[in-house]
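Quick notes on the structure that follows.
2 protein chains.
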Amino acid sequence: MEILGLDIGGANLKAIKLSVSNGKTHVKEVIREYFPVWILGKNGVVEGLRKLKESVNPSPNYVVSTTMTAELSDLFRNKSEGVRFIVGTVEEVFSDASRRFYVNVKSKLVEYSEAYKSPLEIAAANWAASAWLISKKLRNCIFIDIGSTSTTIVPIINGKISVQGYTDPEKLVYGELVYLGVLRTNICSIVNKVPYKGLFARLSSEKFALSGDVCLVLGKIGVKDYTTETADGRGRGIRECLDRLSRVPCADNEILNDYEILEIARYVYESMVFRVFETLTQVRSRIASLGYNPSTFKVCTAGLGSFLAKEAAKRAGFKDVIDVSGIYGKKISHILPAYAAALMALEVLGK
Amino acid sequence: MEILGLDIGGANLKAIKLSVSNGKTHVKEVIREYFPVWILGKNGVVEGLRKLKESVNPSPNYVVSTTMTAELSDLFRNKSEGVRFIVGTVEEVFSDASRRFYVNVKSKLVEYSEAYKSPLEIAAANWAASAWLISKKLRNCIFIDIGSTSTTIVPIINGKISVQGYTDPEKLVYGELVYLGVLRTNICSIVNKVPYKGLFARLSSEKFALSGDVCLVLGKIGVKDYTTETADGRGRGIRECLDRLSRVPCADNEILNDYEILEIARYVYESMVFRVFETLTQVRSRIASLGYNPSTFKVCTAGLGSFLAKEAAKRAGFKDVIDVSGIYGKKISHILPAYAAALMALEVLGK
Chain A
114 MEILGLDIGG
124 ANLKAIKLSV
134 SNGKTHVKEV
144 IREYFPVWIL
154 GKNGVVEGLR
164 KLKESVNPSP
174 NYVVSTTMTA
184 ELSDLFRNKS
194 EGVRFIVGTV
204 EEVFSDASRR
214 FYVNVKSKLV
224 EYSEAYKSPL
234 EIAAANWAAS
244 AWLISKKLRN
254 CIFIDIGSTS
264 TTIVPIINGK
274 ISVQGYTDPE
284 KLVYGELVYL
294 GVLRTNICSI
304 VNKVPYKGLF
314 ARLSSEKFAL
324 SGDVCLVLGK
334 IGVKDYTTET
344 ADGRGRGIRE
354 CLDRLSRVPC
364 ADNEILNDYE
374 ILEIARYVYE
384 SMVFRVFETL
394 TQVRSRIASL
404 GYNPSTFKVC
414 TAGLGSFLAK
424 EAAKRAGFKD
434 VIDVSGIYGK
444 KISHILPAYA
454 AALMALEVLG
464 K
Chain B
114 MEILGLDIGG
124 ANLKAIKLSV
134 SNGKTHVKEV
144 IREYFPVWIL
154 GKNGVVEGLR
164 KLKESVNPSP
174 NYVVSTTMTA
184 ELSDLFRNKS
194 EGVRFIVGTV
204 EEVFSDASRR
214 FYVNVKSKLV
224 EYSEAYKSPL
234 EIAAANWAAS
244 AWLISKKLRN
254 CIFIDIGSTS
264 TTIVPIINGK
274 ISVQGYTDPE
284 KLVYGELVYL
294 GVLRTNICSI
304 VNKVPYKGLF
314 ARLSSEKFAL
324 SGDVCLVLGK
334 IGVKDYTTET
344 ADGRGRGIRE
354 CLDRLSRVPC
364 ADNEILNDYE
374 ILEIARYVYE
384 SMVFRVFETL
394 TQVRSRIASL
404 GYNPSTFKVC
414 TAGLGSFLAK
424 EAAKRAGFKD
434 VIDVSGIYGK
444 KISHILPAYA
454 AALMALEVLG
464 K
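As given, the protein sequences belong to chains A and B, one line each in that order.
Position one of the first sequence corresponds to residue 114 (this note's numbering), numbered consecutively onward.
Position one of the second sequence corresponds to residue 114 (this note's numbering), numbered consecutively onward.
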């Protein structure tokens, strides 16, 4: 049989096809594509999932297991509407599947009627899929997933997922979500000033430059990693990234030379590391309050922003930091929630 | 002949005695003692300098060269009064010296009448002595001196001291002074919240704990380095430091366990590194605006907080970071402005 794992994000669509025979699992297909829900609109979402299905071409009797965050998009009036729309679309597009599962925030799989009845339990649950997977491997661990848009932090204590927040706003409160990623984050949401010719300048609040520009000019990511649209629709080369960054303090590439622009990038990057570090200390302080020494916990990083997670974890006092790609390989680590959702289905089906 | 170099700080008194014969210089004595001017009072300052002279016991015909920052103490109504008091005291206590010099902010030595006439040119000039010395060794360099109380940053470009600020407030504006040190800084002046049982707590503004407590519990300094009075007058052991830190969010050692307190320390320490990093990017951005690549500049660190300077410099993008003790030895590096003042006198005297 085949299992299709889906992670329908607000900015990226991730999928994996596993085939299972004689108790052995094989990865048949891995897909990660830019999927800007707020641009695509509802029809675009339906169309995108149809195309995905065509390209994956599952064999009869396949099972679909879905996790999502796209319901947060302002395409939808609220999360419930978003979840119901996505669930409805999956039910329709994959109507020929033998079973259709949805991951909830308790790391359980539910089917259509329950997902429709309690949509908030399905919203933003992709972390619950990934954390479920990691908790099988590492008993005391902080899982940190930094993607294009956001940072998820999940403590696993004694083999159990031990979060305080089950919704995005709760996670923002408890330090389990930082709305900061390595591609799509507007610079003016990270810092409120940048170094400028020996002083500091306050910032424009336009979307002139993104965290992707910072990470690229500092060599943290390559051009091929820059998989979102740029702030000005221009290219992804170093020159274009520097040009965009120069606009953050309302300057341009004639007013600032490249060395000056690089200082802006460095300042923003360190502020990003500090933001993640700060959130980690919050989570560590809870672990400490339970009587554990947080420095003995492992850290497992995932996502395109793994480099940022590692740096922040080291500063927070963690000694043992591994990347999830060291466990599952690089390809799967980039679509981890989809893979986890698929494996959860395997477990439910007793395969 | 003998030269006595003095650095009369607000918190520490530093001195060096050099003997010079046949063009060769020998270090005869190095003194560094806690000298809390605001506690000692004017009489205590006079008395302290008298005792210092007794203990150093200079031979006839000696020369004194003095730099200072003690005039900032609120013992004095303003800097002019402070400088004139200190200069007057030096003139009196060391009246048997053949010459008495004072370092000014242009890295020149002046004598009594000029110091008395233009006291603001003498105020807080110890950086000008150290930077003068470093500029003889390193053409393109940032000199970073982190002491118990404050951080001084001096850019040296093409062998010339290239600062924008000549007074403390100007230096605070241009990123050449950070009022942050590794012993005496009140925690609530560094951060405005600390991690607390999975959340963040705002802070008491009492002087409950100091940066020295943070650096000690994290192993950045040893008990013997903790050469200032503690916030509560109690001891300098790890236990006492942890106890003091627990009070910062109005808790105590019954409400917080040691792991929880250590998280507070980590958060404050990273905030200290960030503060110095931030100021370095400001100075770097000025260097960049002059067309230089700041990453090619060396960094020379000095003072008890050299470890903090190194960490911040690395994050700011500097590759080549050396400690001044690598040039002058550890003992002298801790009293660098006094040593530099002495050597400036040697140069003026043509020895």
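In this text, a Cβ means the ideal position worked out from N, Cα and C, and glycines have one as well.
Small disclaimer: the values here were computed from a predicted structure and weren't measured.
Check	Outcome
Taking contact to mean 3 or more Cβ pairs, one atom from each stretch, closer than 8 Å, check whether the stretch 219 to 237 of chain A and the stretch 180 to 187 of chain A are in contact.	yes
Excluding sequence positions up to five away, which residues of its chain have a Cβ less than 7 Å from the Cβ of Tyr-287(A)?	Gln-277 and Gly-278
Output yes if chain B places a C-beta closer than 8 Å to the C-beta of Thr-280(A); else output no.	no
Kindly list, in the order they appear in chain B, the residues whose Cβ is closer than 7 Å to that of Glu-373(A).	Ser-398, Ala-401 and Ser-402
By Cβ distance, which residues of its chain are closer than 7 Å to Ala-425(B), with the 5 residues on each side in sequence left out?	Val-386, Val-389, Phe-390 and Leu-393
Within the same chain, show all residues whose beta-carbon is closer than 7 Å to that of Ser-408(B), passing over the 5 residues directly before and after it, in chain order.	Gly-430, Phe-431 and Lys-432
Figure out for me which residue from Lys-306(B), Thr-180(B), Val-196(B) and Cys-328(B) has the closest Cα to the Cα of Ser-231(B).	Val-196(B)
Measure the Cβ-Cβ separation of Phe-117(B) and Lys-127(B) and say whether it is below 8 Å.	First, the residue type needs correcting, since residue 117(B) is Leu and not Phe in the sequence shown. Result no, Cβ atoms of Leu-117(B) and Lys-127(B) do not sit closer than 8 Å.
Only counting the same chain, and skipping five residues up and downstream in sequence, which positions put a Cβ closer than 6 Å to that of Ile-445(B)?	Tyr-452
Spatial neighbours of Asp-365(A) within its chain, please: C-beta separation below 6 Å, excluding the five flanking residues on both sides.	Ser-359
Taking C-beta to C-beta, are Leu-417(B) and Ile-334(B) nearer than 8 Å?	yes
For Cys-363(A), which three-state DSSP category applies?	coil
Short of 6 Å in beta carbon distance, which residues of its chain neighbour Leu-246(B), apart from the five on each side in sequence? Order them along the chain.	Ala-453
So, is the C-beta of Thr-394(A) closer than 8 Å to a C-beta in chain B?	yes
Got a sec: is the Cβ-Cβ distance from Asn-406(A) to anything in chain B below 8 Å?	yes
Assign Lys-166(A) to buried or exposed, taking buried as 16 or more other Cβ atoms, counted over all protein chains shown, within 10 Å of its Cβ.	buried
Where does Ala-322(B) fall in DSSP's three states?	coil
What residues of chain B sit near Pro-362(A), judged by a beta carbon separation below 8 Å?	Simply none; closest approach about 10 Å.
Hey, how far is the Cα of Asn-406(B) from the Cα of Ala-378(A)?	14 Å
Of all Cβ atoms in chain B, is any one closer than 8 Å to the Cβ of Lys-310(A)?	yes
By Cβ distance, which residues of its chain are closer than 7 Å to Ala-58(A), with the 5 residues on each side in sequence left out?	The shown model of chain A, from 114 to 464, leaves out residue 58(A), and the question about it has no answer.
How many angstroms separate the CA atom of Ile-199(B) from the CA atom of Val-150(B)?	11 Å
For the stretch 429 to 460 of chain A, list every residue whose C-beta sits within 7 Å of some C-beta in chain B, in sequence order.	Ala-429 and Gly-430
Helix, strand or coil: how does DSSP classify Phe-420(A) here?	helix
Please look up how many angstroms separate the CB atoms of Thr-308(A) and Tyr-380(A), rounded, as I've assumed it's under 8 Å.	Inspection of the sequence shows that residue 308(A) is occupied by Pro rather than by Thr. Indeed, because the Cβ distance is near 5 Å, the residues count as touching under 8 Å.
Locate the alpha helix (DSSP H) running through Asn-156(B), then write down its first and last residues.	150 to 169
Around the Cβ of Ser-134(B), are there at least 16 other Cβ atoms within 10 angstroms (buried) or fewer (exposed)?	exposed
So which of Ile-152(A), Gly-161(A) and Arg-163(A) has the shortest CA-CA distance to Phe-189(A)?	Ile-152(A)
Does the CB of Glu-383(B) have a neighbour CB from chain A at under 8 Å?	yes
So, does the CB of Arg-379(A) fall closer than 8 Å to a CB anywhere in chain B?	yes
Is the Cβ-Cβ distance between Asn-253(B) and Ile-269(B) less than 8 Å?	yes
Quick one: is Tyr-292(A) near chain B, going by C-beta distance under 8 Å?	no
Which residue spans inside the stretch 369 to 444 of chain B form an unbroken beta strand (DSSP E) run of at least 3?	411 to 415 and 434 to 436
Counting contacts by CB-CB distance shorter than 8 Å, is Phe-313(B) in contact with chain A?	yes
What did DSSP end up calling Asp-120(A) once you bin it into helix, strand or coil?	strand
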